[in-house]
Amino acid sequence: MSNFLNTLGLASRARKIVTGETLINKIRSNEVHFVIIATDASDNTKKKLTDKCTSYNVDYIITSNIDELSKAVGKNNRVALGIQDAGFAKNLKEKIGG
């Protein structure tokens with residue numbers, strides 16, 4: 007798991023991660039290859055993001071918690087992360103096992 011979080015940190019430093027309100031718009035415009043949602047996100051947030059990912063054929067996973075994801079990308083209170091780079095997305099999926 008820590009290897010996965012390290013890769014998230016690399017993607018963040020490479021500016022290949024999108025979070026917050028922008029995430030939904032990037033999913034709609036097919037600019038995101040993979041979405042990571044925190045296990046302790048609210049049910050409403052999980053439903054909104056999983057429905058959006060499903061309808062736009064974007065892979066997603068619900069893993070880690072808000073603190074772990076936030077620490078990995080160096081920002082506070084990150085509930086979901088969108089990976090914009092196909093290489094990082096593939097690498098993360100392999101490390102998670104998805």
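Numbering (our numbering), first residue to last: 7 to 104.
The C-beta atom is built at its ideal place from N, Cα and C for all residues, glycine as well.
Bear in mind that the values here come from a model prediction, so they are computed numbers and not experimental data.
Assignment of G26 by DSSP, reduced to helix, strand and coil, places it in the coil class. Judged by beta-carbon spacing, L29 lies beyond the 9 Å limit of L98, meaning their Cβ atoms are not closer than that value.
Inside the segment 49-98, DSSP marks whole beta strand (DSSP E) runs of 3 or more residues at positions 65-68 and 86-89, from first to last along the chain. With contacts defined as CB atoms closer than 9 Å, K101 and S18 fail to qualify as a contacting pair. Excluding sequence positions up to five before and after R34, its CB lies less than 6 Å from no other CB in the same chain. The C-alpha of N50 lies about 11 Å from the C-alpha of D57.
About 5 Å separates the Cβ atoms of K22 and F94, confirming a contact at the 8 Å cut-off. An exposed status is given to A92, since fewer than 16 other beta-carbon atoms sit within 10 Å of its beta-carbon. Taking a C-beta distance under 9 Å as the contact criterion, G103 and V41 do not qualify as a contact pair.
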